[in-house]
Amino acid sequence: MFGSGKKKIEDVAEEARKARMRKVMEEASPHVRLDAGNSKFYGTDYRQFLKEIKTEPQGLYEKSCSFAEKLLRIKQDAAASAGMEEKLKTAYINASPSGVLSLSLLLLIALPATILS
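Offset between the sequence shown (1-based) and my numbering: plus 11.
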């Protein structure tokens with residue numbers, strides 16, 4: 012007697028919860044997209060922020076890496092390149108691993124030469 016009534020109440024509560032979730036998802040759908048690759052939600056404001064901030068090299072380091080890569084292109088092995096690229100993305104640095112390595116080697120050569128002269 013009591014068991015079936017309790018089950019119906021739980022079912023009604025579950026349906027109400029699902030209806031509320033559907034309503035929230037429908038209201039949020041114009042502002043949120045599902046990234047199929049990572050299955051993460053990104054808001055439109057955050058996507059716009061990333062688009063604005065990372066379109067071109069911003070700081071001196073990023074510009075220097077870009078210049079060094081054009082001047083001296085050095086390739087890394089795939090594992091080191093993937094690890095460095097992940098760290099650069101984490102730090103929001105818009106530079107390639109090849110550019111970072113090229114800049115490091117150019118500075119290693121150029122700085123002692125300028126100090127000694």
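Glycine included, every Cβ here is placed at the ideal spot set by N, Cα and C.
Distance between alanine 106 and glutamate 73, taken at the CA atoms: about 6 Å.
Apart from the 5 residues on each side of it in sequence, lysine 86 sits with its Cβ closer than 7 Å to the Cβ of Ser109 in its chain, given in chain order.
Taking the Cβ atoms as the reference, serine 113 lies roughly 15 Å from leucine 71, outside the contact range of under 8 Å.
If you look at alanine 91, you'll find it in the alpha helix (DSSP H) that goes 89-101. A straight-line Cα-Cα distance of about 13 Å links leucine 116 and phenylalanine 78.
Judged by their CB atoms, cysteine 76 and valine 35 are not nearer to each other than the 7 Å cut-off. Sorting Thr125, Arg28, Ile126 and Ile104 by C-alpha distance to the C-alpha of glutamine 69 places Ile104 at the top. Counting C-beta atoms within 10 angstroms of its own C-beta, glutamate 38 has fewer than 16 neighbours from the protein chains shown and is therefore classed as exposed. Where alanine 124 is concerned, the enclosing alpha helix (DSSP H) starts and stops at 108-127.
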